[in-house]
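Undergrad: One structure follows; several queries about it will come next.
In our numbering, the protein residues as written are 321 to 445.
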């Protein structure tokens with residue numbers, strides 16, 4: 321009974337680690353949103369500087385989170401999951417900037433998800 325409890329606890333820990341990993345990636349993906357917002361204003365304008373400063377702050381927070389991620393995952397697993405940021409970027413583009421999602425983009429997203437799945441499942445063996 322105790323052995324099953326430890327296995328379940330390890331699974332929960334792994335699940336929460338992955339949640340932490342993906343929350344970190346969502347935060348990192350916000351840099352692309354802030355960069356796009358900054359690009360809508362003239363260079364060195366007040367609005368540009370605010371969005372650029374926010375982008376740098378988010379990058380700093382992400383750098384701290386990435387260090388925590390590396391304590392929870394092997395580098396190969398953490399880095400193999402990083403392309404999910406591209407998926408979040410596509411999501412933000414559609415939701416916030418009314419960009420269109422093309423078939424090529426959808427196919428690329430599927431390839432990314434498949435690649436991440438391959439790395440994660442091969443690491444579990």
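Glycine included, every Cβ here is placed at the ideal spot set by N, Cα and C. The structure displayed is predicted, hence computed values, not measured ones.
Assuming residue 387 is part of the alpha helix (DSSP H), what are its boundary residues?
TA: Here residue 387 corresponds to residue number 67 of the chain shown, with the count starting at 1. Counting along the chain, the alpha helix (DSSP H) containing residue 387 begins and ends at 366 to 392.
Undergrad: Between which residues of its own chain and residue 351 is the CB-CB distance below 7 Å, once the five residues before and five after are set aside?
TA: What you label residue 351 is simply residue 31 of the chain shown in a count that begins at 1. Within the same chain, residue 351 has close Cβ partners 375, 378 and 379.
Undergrad: Using CA coordinates, which residue listed in 403, 424 and 363 is at the minimum distance from residue 435?
TA: Within the chain shown, residue 435 is the residue found at index 115, counting from 1. Here the closest residue by C-alpha is 403.
Undergrad: What number of angstroms, rounded off, separates the C-alpha of residue 431 from the C-alpha of residue 348?
TA: As a first step, residue 431 is located in the chain shown; it is residue number 111 there, counting from the start. As a first step, residue 348 is located in the chain shown; it is residue number 28 there, counting from the start. Distance between the alpha carbons of residue 431 and residue 348: 21 Å.
Undergrad: Could you check the C-alpha separation between residue 334 and residue 394 for me, to the nearest Å?
TA: Here the question's residue 334 lines up with position 14 in the chain shown. Here the question's residue 394 lines up with position 74 in the chain shown. In a straight line, the C-alpha of residue 334 is about 12 Å away from that of residue 394.
Undergrad: As a quick exercise: from 421, 400 and 367, pick the residue whose alpha carbon is nearest that of residue 439.
TA: Along the chain shown, read from residue 1 onward, the residue named residue 439 stands at position 119. Comparing Cα positions, the closest option is 400.
Undergrad: What first and last residue would you give for the alpha helix (DSSP H) that runs through residue 401?
TA: By 1-based counting over the chain shown, the position of residue 401 is 81. Segment 395 to 401, the alpha helix (DSSP H) holding residue 401.
Undergrad: Using 7 Å as the threshold, is the C-beta distance between residue 344 and residue 385 below it?
TA: Residue 344 sits at position 24 when you count from the first residue of the chain shown. Residue 385 sits at position 65 when you count from the first residue of the chain shown. Taking 7 Å as the Cβ cut-off, residue 344 and residue 385 qualify as a contacting pair.
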